[in-house]
Ligand SMILES: Cc1cc2nc3c(=O)[nH]c(=O)nc-3n(C[C@H](O)[C@H](O)[C@H](O)COP(=O)(O)OP(=O)(O)OC[C@H]3O[C@@H](n4cnc5c(N)ncnc54)[C@H](O)[C@@H]3O)c2cc1C
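In the working numbering, the protein residues as written are 2 to 261.
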């Protein structure tokens, strides 16, 4: 059988078009396919919700690939064991409360399970603005990352979501945009982004779960972004908090979306 180059092009264009059109109106739109964003998406889709993730880079996984100082091992604590086991990640006991996993296996397993569960991940697409109506964040403005990188004058498009989750890590990009442009007051002590504090694993891991919540109407934060917004420490190369944080936000959103 001969292969027709045009058929290959048609297949890609038709299928992607369909996928992107379906992403224009969803239950939850997550920005950032790091560990927190993907875990959040996984639990949401498992609950039957329609979820998309927009990821700026070619690859998913955010900062998880590099473990600590580019040593591709991650450390998690006992209470996170169950989550990683659910994703099929092999865990090795180190000592007492500490477990180790291969960072490459962790990212690829989390990603595979999340996509297979039904989440749509769009790589190479960046969130560059938010959609705000009647004092509530209700969607995103997205554009090709290549447009942003090349600084081209190309207009973005808008998509609608019942809730938006900022999982962009240290940069807290969506909250920063919302703070600057929407005029909405954030639910932090100062009403503004508090900024992340110096590295302290124990405090950071504890506060990240507490800080994973709604930061202004319609907009949630999870992962490192939560501590950056609420003024808590970074935690360095321990990844348990990221996973717990993603799961917590998913559980809260499932409750809210079921009620509504
Ligand atoms: C490049 C990089 C370097 C890091 N270096 C360190 C370090 O030296 N020390 C340390 O303690 N922690 C570091 N971290 C963070 C650390 O890895 C975190 O503890 C953990 O990865 C955070 O997980 P997360 O899911 O919250 O976010 P991340 O793993 O940071 O993932 C966030 C994702 O969001 C994407 N993103 C950001 N903005 C947008 C946007 N507008 N639109 C679409 N996608 C977007 C990013 O490309 C990224 O994939 C780094 C993270 C990254 C991405």
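C-beta atoms are modelled at their ideal positions from N, C-alpha and C, and glycine is treated no differently.
Contact set for residue 95: own chain, Cβ-Cβ below 8 Å, skip 5 residues either direction: 76 and 101
In this structure, does DSSP put residue 126 in helix, strand or coil? strand
Provide the residue span of the beta strand (DSSP E) that contains residue 28, from first to last. 26-32
Would you tell me roughly how many angstroms separate the C-alpha atoms of residue 176 and residue 72, rounded to the nearest one? 31 Å
According to the neighbour-count rule (16 or more other Cβ atoms, all chains shown, within 10 Å of its Cβ), is residue 52 buried or exposed? buried
When you compare each of 22, 37, 11 and 137 to residue 182 by their alpha carbons, which one comes out closest? 137
Among 164, 170, 255 and 112, which one has its Cα closest to the Cα of residue 122? 112
State yes or no: is the C-beta of residue 91 nearer than 7 Å to some heavy atom of ligand 1? no
Keeping to the same chain, check which residues put their C-beta closer than 8 Å to that of residue 116; ignore five residues upstream and five downstream. 122
Separation of residue 2 from residue 9, as counted between CA atoms: 14 Å
Presumed contact (8 Å Cβ cut-off) between residue 139 and residue 185, rounded CB distance: So it is not a contact: roughly 12 Å between Cβ atoms.
Consider the C-beta atom of residue 114 and the heavy atoms of ligand 1; say whether any pair is separated by less than 7 Å. no
According to DSSP, is residue 197 helix, strand or coil? coil
Indicate, with yes or no, if ligand 1 has a heavy atom lying under 7 Å from the CB of residue 1. Absent from the model: residue 1. The displayed extent of the chain is 2 to 261, so no value can be given.
Proximity winner among 91, 24, 250 and 229, relative to residue 193 (alpha-carbon distances): 229
Closest by C-alpha distance to residue 260, when choosing among 245, 135, 163 and 236: 163
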